[in-house]
Amino acid sequence: MTHPINPFFANRRRRQSGSAGLAPAFPTTPKCVTIGPATLYHGDCFDVLPTLTSVDAVVTDPPYGIGFAYRSFDDAPARYHGLMTRLVPELLRVTRNGPCFLWQSPTRLSQWHRYFPKGYRVLAACKKFPPHRRRSYAWDPIVYWGVEHPLSADWLLTDFSGWEGYDPANPVPAPKSVTQVRQVCGLTGAATLCDPFMGSGTTGVAAIQSGRRFIGIEQDPVYFEYARRRIERAWFSHQASTAA
Ligand SMILES: C[S@@+](CC[C@H](N)C(=O)[O-])C[C@H]1O[C@@H](n2cnc3c(N)ncnc32)[C@H](O)[C@@H]1O
17 MTHPINPFFA NRRRRQSGSA GLAPAFPTTP KCVTIGPATL YHGDCFDVLP TLTSVDAVVT
77 DPPYGIGFAY RSFDDAPARY HGLMTRLVPE LLRVTRNGPC FLWQSPTRLS QWHRYFPKGY
137 RVLAACKKFP PHRRRSYAWD PIVYWGVEHP LSADWLLTDF SGWEGYDPAN PVPAPKSVTQ
197 VRQVCGLTGA ATLCDPFMGS GTTGVAAIQS GRRFIGIEQD PVYFEYARRR IERAWFSHQA
257 STAA
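Number 202 in the working numbering belongs to position 186 of the sequence shown; there are no gaps in the numbering.
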């Protein structure tokens with residue numbers, strides 16, 4: 017019996033074999049594009065975040081430090097500590113202590129207390145893949161904190177009814193599910209959501225679909241361009257559906 021290949025893994029394999037020799041092309045000055053309620057920066061989030069006075073909430077999926085094969089970002093495990101020690105204070109400042117939601121790898125669980133503010137909590141975001149094996153359930157931990165907790169328990173187990181297909185043309189190795197990200201966006205009433213590690217723009221699409229403003233930052237030029245086109249399409253569809 018054959019099962020469809022999960023495009024997540026197919027895409028990841030392709031990236032791993034095709035990523036050698038690509039020179040990162042980061043803009044020295046971040047470039048900014050506006051699409052309806054979305055403002056997208058092509059640049060390094062550590063250059064852009066300090067220029068933002070404040071955002072209502074952060075919903076983001078930073079690199080996990082598990083050696084993922086990004087096109088230009090080096091996801092070496094040794095870099096996780098440096099990333100988190102720099103990132104968390106900046107997120108606390110820009111959101112004025114939250115709410116912040118960060119997808120993480122469970123392999124880093126024993127280190128989280130070193131980086132995240134006291135009282136941070138973990139949300140288990142369950143997902144269901146197509147049956148490339150007999151059963152394909154998985155989950156991602158989402159670390160979150162804020163002045164007010166949107167959930168009454170540490171763990172929220174969500175049974176997604178289906179794994180919505182990822183676009184095989186998506187150049188980012190592990191894009192999140194829009195359904196899952198929309199659920200997380202729905203946990204905060206924030207009017208403006210920020211994703212400093214935008215990747216292919218999933219949080220931007222979820223923000224637009226849920227009627228929020230969005231600020232996205234991505235440093236890889238190919239990922240940025242893919243996200244820009246995807247968010248533009250989401251904005252056109254949203255406008256068409258609200259006008260109908
Ligand atoms: C896990 S991926 C995000 C995937 C995204 N959630 C999606 O659904 O497509 C992390 C992203 O962070 C980007 N990145 C890494 N360091 C960055 C930085 N300093 N500034 C902006 N983007 C960065 C990488 O290029 C990568 O696209």
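Beta carbons: idealized from backbone N, C-alpha and C, even for Gly.
{"Asked": "For Ile231, which beta-bridge partners are listed by DSSP?", "Found": "Thr55 and Cys210"}
{"Asked": "Flag Thr218 as yes when its Cβ comes closer than 6 Å to any non-hydrogen atom of ligand 1, and as no otherwise.", "Found": "yes"}
{"Asked": "May I have a chain-ordered list of the beta strand (DSSP E) segments no shorter than 3 residues that lie completely inside the segment 73–148?", "Found": "73–76, 116–119 and 137–144"}
{"Asked": "Please list, in chain order, all residues of the same chain as Pro46 whose beta carbon is under 6 Å from its beta carbon, the five residues on each side excluded.", "Found": "Tyr57, Gly59, Asp63 and Val64"}
{"Asked": "Measuring alpha carbon to alpha carbon, tell me which of Gln255, Gln199, Pro133 and Ala85 ends up nearest Leu103.", "Found": "Pro133"}
{"Asked": "Using the C-alpha atoms, what's the distance from Val238 back to Pro187?", "Found": "7 Å"}
{"Asked": "Return the CA-CA distance between Pro105 and Gln255, expressed in angstroms with no decimal places.", "Found": "36 Å"}
{"Asked": "For Trp155, collect the residues of the same chain with a Cβ closer than 7 Å to its Cβ; drop the 5 residues on either side in sequence, then sort them by chain order.", "Found": "Ala140, Ala141, Cys142 and Lys143"}
{"Asked": "Spatial neighbours of Ala39 within its chain, please: C-beta separation below 6 Å, excluding the five flanking residues on both sides.", "Found": "Here Ala39 scores only 46 on pLDDT, less than 50, and its place in the model should not be relied on; the value that follows carries that caveat. Closer than 6 Å at Cβ, skipping near neighbours: no residue."}
{"Asked": "Are there any heavy atoms of ligand 1 lying less than 6 Å away from the beta-carbon of Thr98, as far as the coordinates show?", "Found": "Looking at the sequence shown, residue 98 is not Thr but Gly. Incorrect: Gly98 has no Cβ contact closer than 6 Å to ligand 1."}
{"Asked": "Ala259 lies in the beta strand (DSSP E); which residues open and close that run?", "Found": "Careful: Ala259 lies outside any beta strand (DSSP E), inside the alpha helix (DSSP H) at Pro237 to Ala259."}
{"Asked": "Taking the beta carbon of Tyr153 as the centre, do at least 16 other beta carbons fall within 10 Å, making it buried, or is it exposed?", "Found": "exposed"}
{"Asked": "What does a CB cutoff of less than 8 Å around Arg198 pick up in its chain, not counting 5 residues either side in sequence?", "Found": "Ala222, Gln225 and Ser226"}
{"Asked": "Could you give the residue range of the beta strand (DSSP E) that holds Asp156?", "Found": "Tyr153 to Trp161"}
{"Asked": "According to DSSP, is Thr50 helix, strand or coil?", "Found": "strand"}
{"Asked": "On the CB-based measure, 16 or more other CB atoms within 10 Å of its CB, does Leu167 come out buried or exposed?", "Found": "exposed"}
{"Asked": "Would the beta-carbon of Pro189 fall within 7 Å of that of Phe89?", "Found": "no"}
{"Asked": "Is any heavy atom in ligand 1 found nearer than 6 Å to the beta carbon of Glu234?", "Found": "yes"}
{"Asked": "Just curious, the alpha helix (DSSP H) that Gly220 is in, first and last residue?", "Found": "Thr218 to Gln225"}
{"Asked": "Could you tell me the alpha carbon to alpha carbon distance between Leu108 and Gly114, rounded to whole angstroms?", "Found": "6 Å"}
{"Asked": "Do Asp77 and Thr208 come within 7 Å of each other at the CB atom, strictly closer than that value?", "Found": "no"}
{"Asked": "Report all residues from its chain with a CB closer than 6 Å to the CB of Cys48; omit the five preceding and five following residues, and keep chain order.", "Found": "Tyr57"}
{"Asked": "Secondary structure at Thr45, three-state DSSP: helix, strand or coil?", "Found": "coil"}
{"Asked": "For Thr111, which option in Arg245, Pro212, Pro122 and Thr55 has the closest C-alpha, if you only look at C-alpha atoms?", "Found": "Pro212"}
{"Asked": "Out of Ala94, Ile51, Ser70 and His129, which one is the CA nearest neighbour of Gly81?", "Found": "Ala94"}
{"Asked": "Could you give the first and the last residue of the continuous alpha helix (DSSP H) run that contains Asp63?", "Found": "Cys61 to Val64"}
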